[in-house]
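The structure under discussion appears below in the form of structure tokens.
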Amino acid sequence: MTLQPANIFKDVEKIRENAPLVHNITNYVVMNTTANALLAIGASPVMAHAVQEVEDLAGIAGALVLNIGTLNDGWIDAMFRAAKTAKSKQVPIVLDPVGAGATPYRTQTAKDLIQAFAPSIIRGNGSEIMALCGQSQSTKGVDSTSESNQAVDAAKTLVREIGCTVCVTGETDYIVSAQTLYEVKNGHALMPRVTGLGCTATAICGAFAAVNPEFDKAAAHAMAVMGIAGEIAAEISSGPGTLQVNFIDALYQLSETDIKKRLKA
Amino acid sequence: MTLQPANIFKDVEKIRENAPLVHNITNYVVMNTTANALLAIGASPVMAHAVQEVEDLAGIAGALVLNIGTLNDGWIDAMFRAAKTAKSKQVPIVLDPVGAGATPYRTQTAKDLIQAFAPSIIRGNGSEIMALCGQSQSTKGVDSTSESNQAVDAAKTLVREIGCTVCVTGETDYIVSAQTLYEVKNGHALMPRVTGLGCTATAICGAFAAVNPEFDKAAAHAMAVMGIAGEIAAEISSGPGTLQVNFIDALYQLSETDIKKRLKA
Amino acid sequence: MTLQPANIFKDVEKIRENAPLVHNITNYVVMNTTANALLAIGASPVMAHAVQEVEDLAGIAGALVLNIGTLNDGWIDAMFRAAKTAKSKQVPIVLDPVGAGATPYRTQTAKDLIQAFAPSIIRGNGSEIMALCGQSQSTKGVDSTSESNQAVDAAKTLVREIGCTVCVTGETDYIVSAQTLYEVKNGHALMPRVTGLGCTATAICGAFAAVNPEFDKAAAHAMAVMGIAGEIAAEISSGPGTLQVNFIDALYQLSETDIKKRLKA
Numbered sequence: 001m002t003l004q005p006a007n008i009f010k011d012v013e014k015i016r017e018n019a020p021l022v023h024n025i026t027n028y029v030v031m032n033t034t035a036n037a038l039l040a041i042g043a044s045p046v047m048a049h050a051v052q053e054v055e056d057l058a059g060i061a062g063a064l065v066l067n068i069g070t071l072n073d074g075w076i077d078a079m080f081r082a083a084k085t086a087k088s089k090q091v092p093i094v095l096d097p098v099g100a101g102a103t104p105y106r107t108q109t110a111k112d113l114i115q116a117f118a119p120s121i122i123r124g125n126g127s128e129i130m131a132l133c134g135q136s137q138s139t140k141g142v143d144s145t146s147e148s149n150q151a152v153d154a155a156k157t158l159v160r161e162i163g164c165t166v167c168v169t170g171e172t173d174y175i176v177s178a179q180t181l182y183e184v185k186n187g188h189a190l191m192p193r194v195t196g197l198g199c200t201a202t203a204i205c206g207a208f209a210a211v212n213p214e215f216d217k218a219a220a221h222a223m224a225v226m227g228i229a230g231e232i233a234a235e236i237s238s239g240p241g242t243l244q245v246n247f248i249d250a251l252y253q254l255s256e257t258d259i260k261k262r263l264k265a
Numbered sequence: 001m002t003l004q005p006a007n008i009f010k011d012v013e014k015i016r017e018n019a020p021l022v023h024n025i026t027n028y029v030v031m032n033t034t035a036n037a038l039l040a041i042g043a044s045p046v047m048a049h050a051v052q053e054v055e056d057l058a059g060i061a062g063a064l065v066l067n068i069g070t071l072n073d074g075w076i077d078a079m080f081r082a083a084k085t086a087k088s089k090q091v092p093i094v095l096d097p098v099g100a101g102a103t104p105y106r107t108q109t110a111k112d113l114i115q116a117f118a119p120s121i122i123r124g125n126g127s128e129i130m131a132l133c134g135q136s137q138s139t140k141g142v143d144s145t146s147e148s149n150q151a152v153d154a155a156k157t158l159v160r161e162i163g164c165t166v167c168v169t170g171e172t173d174y175i176v177s178a179q180t181l182y183e184v185k186n187g188h189a190l191m192p193r194v195t196g197l198g199c200t201a202t203a204i205c206g207a208f209a210a211v212n213p214e215f216d217k218a219a220a221h222a223m224a225v226m227g228i229a230g231e232i233a234a235e236i237s238s239g240p241g242t243l244q245v246n247f248i249d250a251l252y253q254l255s256e257t258d259i260k261k262r263l264k265a
Numbered sequence: 001m002t003l004q005p006a007n008i009f010k011d012v013e014k015i016r017e018n019a020p021l022v023h024n025i026t027n028y029v030v031m032n033t034t035a036n037a038l039l040a041i042g043a044s045p046v047m048a049h050a051v052q053e054v055e056d057l058a059g060i061a062g063a064l065v066l067n068i069g070t071l072n073d074g075w076i077d078a079m080f081r082a083a084k085t086a087k088s089k090q091v092p093i094v095l096d097p098v099g100a101g102a103t104p105y106r107t108q109t110a111k112d113l114i115q116a117f118a119p120s121i122i123r124g125n126g127s128e129i130m131a132l133c134g135q136s137q138s139t140k141g142v143d144s145t146s147e148s149n150q151a152v153d154a155a156k157t158l159v160r161e162i163g164c165t166v167c168v169t170g171e172t173d174y175i176v177s178a179q180t181l182y183e184v185k186n187g188h189a190l191m192p193r194v195t196g197l198g199c200t201a202t203a204i205c206g207a208f209a210a211v212n213p214e215f216d217k218a219a220a221h222a223m224a225v226m227g228i229a230g231e232i233a234a235e236i237s238s239g240p241g242t243l244q245v246n247f248i249d250a251l252y253q254l255s256e257t258d259i260k261k262r263l264k265a
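In order, the protein sequence lines correspond to chains A, B and C.
Anchor point for the first sequence: position 264 equals 264 in the UniProt record's numbering, and the numbering is continuous, going up by one each time.
Anchor point for the second sequence: position 122 equals 122 in the UniProt record's numbering, and the numbering is continuous, going up by one each time.
Anchor point for the third sequence: position 193 equals 193 in the UniProt record's numbering, and the numbering is continuous, going up by one each time.
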């Protein structure tokens with residue numbers, strides 16, 4: 001299915017006007033990066049993980065973003081409390097299963113969160129999404145098309161079981177829901193060389209989910225915006241250092257014309 | 001009251017010469033940012049929160065900066081221990097009540113720290129300072145002048161009760177003490193779009209308090225330097241990403257001429 | 001002893017081809033910075049500290065980097081578990097004793113890790129390396145040559161006791177092993193003004209140790225690459241903010257010609 005630039009930009013404008021509060025319980029490595037990306041697109045980020053306050057914040061947020069990147073048991077407790085409140089207040093939950101498949105601790109935590117709360121959107125790379133379905137990724141170097149197919153199949157399984165939207169990001173981003181499949185081909189090869197741009201994609205999904213209750217479209221719009229901002233940034237960057245900085249500027253400056261000119265979806 | 005560029009720059013030179021140790025117990029989101037800002041202005045930052053060592057560090061620091069941005073009970077314990085040592089050694093304490101008013105946990109922690117240690121400087125935005133006085137900010141969209149007035153009144157109440165200097169930052173920064181009221185009108189609209197520049201303002205207060213025992217002037221000088229560096233950076237930035245980077249350069253390069261030319265206070 | 005540009009670049013190429021997994025248990029301040037530096041040079045960083053998963057990750061890593069910058073007891077526990085696994089699987093361990101000498105807690109933790117696991121490489125500044133030998137640095141302002149001599153002597157003592165490679169970094173970097181002493185004179189005066197570039201040097205040692213089992217050469221090559229990338233970055237930077245960003249680009253772009261042209265070792 002195809003995306004409409006005007007609809008993508010309508011979401012961007014809503015974010016800029018309403019500055020939705022996005023509550024993140026996320027990993028130490030990317031906190032600064034994802035907070036800056038959320039501010040740049042126009043949202044209001046809050047990073048908080050204390051069990052004494054996560055329920056207060058999740059209950060008033062426009063979206064709750066859970067990211068298991070640098071996990072420990074205290075944080076898992078906070079994630080469950082925040083998610084329970086979010087669920088009861090119909091605040092959309094977005095999950096990033098960072099490193100699922102790499103250790104049993106991460107895989108199990110991601111699965112437990114999914115079973116307990118059925119997040120609105122799950123965003124991960126192919127191997128993470130496959131790990132959530134009990135599959136391990138084929139070894140490095142195999143044909144990337146067949147790998148993408150496997151990951152999309154895993155996403156479809158998750159969608160059937162949970163009833164959520166699943167984003168599988170990579171060279172092409174696949175956004176899978178019960179009714180829809182979007183493919184976003186924007187982005188740039190330098191982007192995976194910046195730590196936390198995957199986590200940023202998930203946080204940006206939170207901003208879009210806060211203004212667009214059709215979560216498949218929210219996720220697809222978020223991926224298009226990520227990819228387009230990455231392309232704009234890459235054109236004036238000489239490596240991942242400048243890319244990280246220019247990417248934030250590009251999110252901030254993003255216009256409807258940019259989206260119309262560049263969208264590949 | 002008005003500030004003298006020569007006096008502001010005198011403090012900057014003292015920081016550059018003495019490289020005062022600024023001990024920060026601060027939030028995860030901004031640790032890197034505030035450490036870099038402190039290094040750029042010429043101070044020596046140390047970030048440490050373990051109860052096993054905070055007393056050792058606070059006791060030898062030029063200033064102790066407490067920031068409640070990503071709180072938990074262990075960090076509160078560390079803050080109390082560090083502050084107790086700082087107090088006994090007459091090391092100035094600077095408090096940033098990040099998010100006071102947003103959750104009871106933060107509001108209460110900030111109040112407890114203030115009651116127990118009477119910080120030399122408290123820096124926050126209007127709604128945070130009002131929350132410390134038990135007031136909630138008027139809803140969004142009201143006339144910003146009346147809002148500033150309310151926040152300055154709250155600051156005056158705090159000053160009377162605690163005997164400290166209170167900085168209310170916003171489009172105009174108000175620095176309130178028992179004897180003085182400074183208004184600093186430097187800064188740039190892009191600055192709030194960079195995460196952690198408020199926290200950075202607090203950390204920079206720490207650097208100035210370490211070299212200038214007149215804390216009202218130290219805080220006002222710090223706010224002037226923040227705003228001027230932000231203006232210089234904004235002139236060559238195309239968004240919040242480049243602003244963050246150029247701001248650090250501007251702090252590092254800051255000259256007396258820059259201050260003379262730009263100061264609005 | 002002298003270093004060969006071709007051999008340095010051979011290690012860089014191996015890192016770029018093999019993308020070795022570097023497991024970091026490191027401090028909050030620099031996590032983002034060191035992850036980005038590792039990605040820029042071509043390695044695959046993972047940051048993880050939960051006791052539930054550090055053994056899983058350390059066991060499959062190409063190197064384990066331990067950095068005691070923002071320590072607490074939970075993290076020390078994780079470091080010991082990860083190091084035990086790394087040792088049993090012959091995964092090289094690289095230690096950064098950040099702030100050893102500043103507090104007994106840090107000095108003791110660094111010493112305990114060294115006694116228990118005999119890291120392959122220890123990288124610190126002069127005062128940290130001296131603290132590991134029970135010496136305190138002479139007061140500020142003394143002749144830097146005599147200070148360097150003292151630190152190199154301390155490094156030699158450590159090498160004798162532990163059988164490791166010790167890197168003492170400063171204006172000149174000294175890489176000391178049982179058989180070899182390398183002196184790397186690359187680098188730029190702006191580099192210590194960026195927080196975490198010391199920690200980054202340690203992380204980059206991890207990337208080189210993962211592809212070069214001669215740890216003295218691995219460490220010396222890493223220091224040469226750090227210094228050269230810093231010089232390249234400094235030429236186009238106007239302060240520590242742009243330096244941090246350009247340094248990452250320089251690591252990413254680094255060519256054999258750059259190394260040939262600039263190496264001072």
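Backbone N, C-alpha and C define an ideal beta-carbon position, used for all residues, glycine too.
Predicted, not measured: the structure shown is a model, and the values here were computed from it.
Residue i at chain A interface by Cβ criterion, 9 Å
i                     : result
Gln135 (chain C)      : no
Leu181 (chain B)      : no
residue 277 (chain B) : Residue numbering for chain B in the displayed model covers 1 to 265; residue 277 (chain B) lies beyond these limits and cannot be assessed.
Ala210 (chain C)      : no
DSSP three-state assignment for residue i, whether helix, strand or coil
i                : result
Glu183 (chain B) : strand
Ile68 (chain B)  : coil
Thr157 (chain B) : helix
Val12 (chain A)  : helix
Pro119 (chain B) : coil
Met223 (chain A) : helix
Ala110 (chain C) : helix
CB contact below 9 Å: residue i versus chain B
i                : result
Pro45 (chain A)  : yes
Met130 (chain A) : no
Pro104 (chain C) : yes
Asn72 (chain A)  : no
Glu256 (chain A) : no
Glu53 (chain A)  : yes
Cutoff 9 Å: residue i Cβ touching any chain C Cβ
i                     : result
Gly206 (chain B)      : no
residue 267 (chain A) : Since the displayed chain A opens at 1 and closes at 265, residue 267 (chain A) lies outside it and no answer follows.
Gly163 (chain A)      : no
Gly99 (chain A)       : yes
Partners in chain B for residue i, counting only beta-carbon separations shorter than 9 Å
i                : result
Asp249 (chain A) : Ser237, Ser238, Gly239, Pro240, Gly241, Thr242, Leu243
Thr169 (chain C) : Those within 9 Å of Thr169 (chain C) in chain B number zero; the least Cβ separation is about 17 Å.
Gly196 (chain C) : Asn32, Ala35, Asn36
Tyr252 (chain A) : Leu190, Arg193, Ser238, Gly239, Pro240, Gly241
Interface residues of chain B facing residue i [CB-CB closer than 7 Å]
i                : result
Leu263 (chain C) : Under the 7 Å cutoff, chain B gives no residues; its nearest Cβ is about 28 Å from Leu263 (chain C).
Residue of the options minimising C-alpha distance to residue i
i                     : options                                : result
Phe247 (chain A)      : B:Phe247, B:Ile248, B:Leu243, B:Ala250 : B:Leu243
residue 266 (chain A) : A:Thr34, A:Trp75, A:Ser136, A:Asn7     : Since the first and last residues shown for chain A are 1 and 265, residue 266 (chain A) lies out of range.
Ile15 (chain A)       : A:Asn32, A:Ala40, A:Thr2               : A:Ala40
Ile162 (chain A)      : A:Gly126, A:Leu181, A:Ala116           : A:Ala116
Ala6 (chain B)        : B:Arg106, B:Gln179, B:Val225           : B:Val225
Closer than 8 Å at the beta carbon, the chain C residues around residue i
i               : result
Leu57 (chain B) : Ala102, Thr103
Chain-ordered neighbours of residue i on chain A, where CB pairs are closer than 8 Å
i               : result
Glu29 (chain B) : The displayed chain sequence assigns Val, not Glu, to residue 29 (chain B). The answer, in chain order, is Met31, Asn32, Ala35, Met47.
Chain-ordered chain A contacts of residue i [CB-CB under 9 Å]
i               : result
Arg16 (chain B) : By Cβ distance, chain A contributes nothing, its closest Cβ being about 26 Å from Arg16 (chain B), past 9 Å.
Neighbouring residues, chain B, relative to residue i (Cβ below 8 Å)
i                : result
Asn186 (chain A) : Near Asn186 (chain A) there are no residues of chain B at all, since even the closest Cβ is about 19 Å away, more than 8 Å.
Contacts of residue i in chain C (Cβ-Cβ under 9 Å)
i               : result
Leu39 (chain B) : Pro192, Arg193, Val194, Thr195, Pro240
Interface partners of residue i on chain A, CB under 7 Å
i               : result
Ala50 (chain C) : Leu71, Asn72, Tyr105
Item to complete: Report yes or no: do three or more beta-carbon pairs, one from the stretch 246-265 of chain B and one from the stretch 206-219 of chain B, lie closer than 8 Å?
Response: The count of Cβ pairs closer than 8 Å, one atom from the stretch 246-265 of chain B and one from the stretch 206-219 of chain B, stays below three, leaving the stretches out of contact.
Worksheet item: Within the chosen definition, does the stretch 38-52 of chain C reach the stretch 19-27 of chain C through at least 3 CB pairs nearer than 8 Å?
Response: yes
Worksheet item: Counting Cβ pairs closer than 8 Å, one from the stretch 94-108 of chain A and one from the stretch 70-89 of chain C, do we hit at least three?
Response: no
Discussion item. Would you call the stretch 146-163 of chain A in contact with the stretch 214-234 of chain A, where contact means no fewer than 3 C-beta pairs closer than 8 Å?
Written reply: Verdict: no, contact absent.
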